[in-house]
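As you go down the protein sequences, you meet chains A and U in turn.
My numbering applies: residue 16 is where the first sequence begins, and numbers increase by one.
My numbering applies: residue 16 is where the second sequence begins, and numbers increase by one.
Number of protein chains: 2
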Amino acid sequence: MSTQDRRIPNKLFFKIGEVCELTDTQPYVLRYWESEFPSLAPAKNSSGQRIYRRRDIETVLRIKQLLYEEGFTIAGAKKKLETEAAGKGATPSSEAALAAADGAVADDDAAAIAEGKPDLTREALLEVRAELREILTLLDRGGKITN
Amino acid sequence: MSTQDRRIPNKLFFKIGEVCELTDTQPYVLRYWESEFPSLAPAKNSSGQRIYRRRDIETVLRIKQLLYEEGFTIAGAKKKLETEAAGKGATPSSEAALAAADGAVADDDAAAIAEGKPDLTREALLEVRAELREILTLLDRGGKITN
DNA sequence: CGCTACCAGGCTGCGCTACATCCCGACGCG
DNA sequence: CGCGTCGGGATGTAGCGCAGCCTGGTAGCG
Numbered sequence: 016m017s018t019q020d021r022r023i024p025n026k027l028f029f030k031i032g033e034v035c036e037l038t039d040t041q042p043y044v045l046r047y048w049e050s051e052f053p054s055l056a057p058a059k060n061s062s063g064q065r066i067y068r069r070r071d072i073e074t075v076l077r078i079k080q081l082l083y084e085e086g087f088t089i090a091g092a093k094k095k096l097e098t099e100a101a102g103k104g105a106t107p108s109s110e111a112a113l114a115a116a117d118g119a120v121a122d123d124d125a126a127a128i129a130e131g132k133p134d135l136t137r138e139a140l141l142e143v144r145a146e147l148r149e150i151l152t153l154l155d156r157g158g159k160i161t162n
Numbered sequence: 016m017s018t019q020d021r022r023i024p025n026k027l028f029f030k031i032g033e034v035c036e037l038t039d040t041q042p043y044v045l046r047y048w049e050s051e052f053p054s055l056a057p058a059k060n061s062s063g064q065r066i067y068r069r070r071d072i073e074t075v076l077r078i079k080q081l082l083y084e085e086g087f088t089i090a091g092a093k094k095k096l097e098t099e100a101a102g103k104g105a106t107p108s109s110e111a112a113l114a115a116a117d118g119a120v121a122d123d124d125a126a127a128i129a130e131g132k133p134d135l136t137r138e139a140l141l142e143v144r145a146e147l148r149e150i151l152t153l154l155d156r157g158g159k160i161t162n
């Protein structure tokens, strides 16, 4: 368990181009999916640029899997995503995913704090800190989000 | 359990028109699906007419569910059907279906034999008998299949 | 200067749907 | 028993509508 590190860099925010590289998609596809999947809703900064977080990237990967590997239509994938999100705790052995809560280690100084044996409590703290930072940055519309 | 009686009459063979009424589909759709799904392969009698059996109707219903309710593409539904058929015994709690073996009570004299408490052994025997009859009829190309 | 946003339109293939044509089996009739 | 008729089925080809992606144009931002 611990951090899901499927080649997703240790950053908190991603621009659309980065997400495209990570997920091997095209920007217009991501924008199209965003218009079709309510659960894919990246935040936007003051200038309107999309700000993807890790869970958005997970969502993109899941959508891609549903569409291209499992062979769902957009409508079917949307429904499936919804029921998956709804039945979190119900249907104990649903499909595969919904693995666990995601731990998100932040950046450099976070790693500095996190020296020593990997402790679950410490990881949780780091994650909370990262989430707070996210919220801060989102609130601070004047502040630059340059990763 | 016992016989799955989802409004499927107690017959062994069905013509395409009957299947269409039972499953609320169109003949050309059934023929099209047949060209796309290897697992939907009804036998044909001497004059080339399709002879659907109960399991074919089950397959039709499953395909319909996958396409129209769950939102799969044809390719996705095909893949799903294959993995479902393959993993019969693996993946203990897969989706819903693959309920059990289907008991197939045949026709009048069969019902006459099957008097008394519903016995699994008797049901199995009846099914075997029905299957044998099926094979006989398919082999006997001269004999009419008039249901 | 590159990356991004947004909009409008175009394009391709999936999944039917609609003919056209032929064949077969069931039924009544003499 | 053969015969005509008639409805259902088989096959093939062609067309249609839309989901889902792709392109181009214009503009803003860093």
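Positions of the beta carbon are idealized from the N, C-alpha and C atoms, including for glycine.
Small disclaimer: the values here were computed from a predicted structure and weren't measured.
Asked                                                                                                                                                         : Found
Report the option in I66/U, I23/U, N25/U and E85/U whose CA atom is closest to the CA atom of L45/U.                                                          : I66/U
Is the beta carbon of I72/U closer than 9 Å to that of I23/U?                                                                                                 : yes
Would you mind telling me which residues of chain U sit closer than 8 Å to E33/A, beta carbon to beta carbon, in chain order?                                 : The contacting residues do not exist; E33/A stays about 29 Å from chain U at best.
Count Cβ pairs between the stretch 86–95 of chain U and the stretch 80–91 of chain A that sit closer than 8 Å; are there 3 or more?                           : yes
Relative to the C-alpha of L27/U, which residue among A58/U, Q80/U and S54/U is closest?                                                                      : A58/U
List, in chain order, every chain A residue whose beta-carbon is nearer than 9 Å to that of F87/U.                                                            : E85, G86, F87, T88 and G91
Please tell me whether, using a cut-off of 8 Å, the distance from the CB of Y43/A to the nearest non-hydrogen atom of the ligand HEM is below it.             : Questions concerning the ligand HEM fall outside what the structure shown contains, since it holds no ligand whatsoever.
Run through DSSP, which three-state label would F29/A get?                                                                                                    : strand
Per DSSP, what are the beta-bridge partners of I66/A in this structure?                                                                                       : A58/A
What's the gap between the Cα of E51/A and the Cα of N25/U?                                                                                                   : 45 Å
By the 10 Å Cβ neighbour count, where 16 or more other Cβ atoms means buried, how is R69/A classified, buried or exposed?                                     : buried
Verify the CB distance criterion: does K30/A have a CB-CB separation below 9 Å to chain U?                                                                    : no
Exposed or buried, what is T38/A when buried is set at 16 or more other beta-carbons lying within 10 Å of its beta-carbon?                                    : buried
Does K94/U get closer than 9 Å to chain A when you measure Cβ to Cβ?                                                                                          : yes
Using a Cβ-Cβ cut-off of 8 Å (strictly less than) and excluding sequence neighbours within five positions of E100/U, which residues of its own chain qualify? : As written in the sequence, residue 100/U is Ala, which differs from the Glu given in the question. For A100/U, where only same-chain residues beyond five positions count, the Cβ hits under 8 Å are S54.
Got a sec? Which residues, its chain only, sit under 6 Å from L96/A by beta carbon, not counting five neighbours each side?                                   : S54
Comparing alpha-carbon positions, which option in G102/A, Q64/A and N60/A lies nearest I31/A?                                                                 : Q64/A
Just mark T74/U as buried or exposed, buried being the case when its beta carbon has 16 or more other beta carbons within 10 Å.                               : buried
For S62/U and K94/A, what's the separation of their Cα atoms in angstroms?                                                                                    : 44 Å
Using C-beta distances below 8 Å, list every residue in its chain close to P42/U, excluding the 5 sequence neighbours before and after it, in chain order.    : I31, G32 and C35
Alpha carbon to alpha carbon, what distance is there between L82/A and W48/U?                                                                                 : 21 Å
Roughly how many angstroms lie between the CA atoms of Q80/U and N60/A, to the nearest whole one?                                                             : 42 Å
DSSP beta-bridge partners for F52/U?                                                                                                                          : According to DSSP, F52/U bridges with nothing at all.
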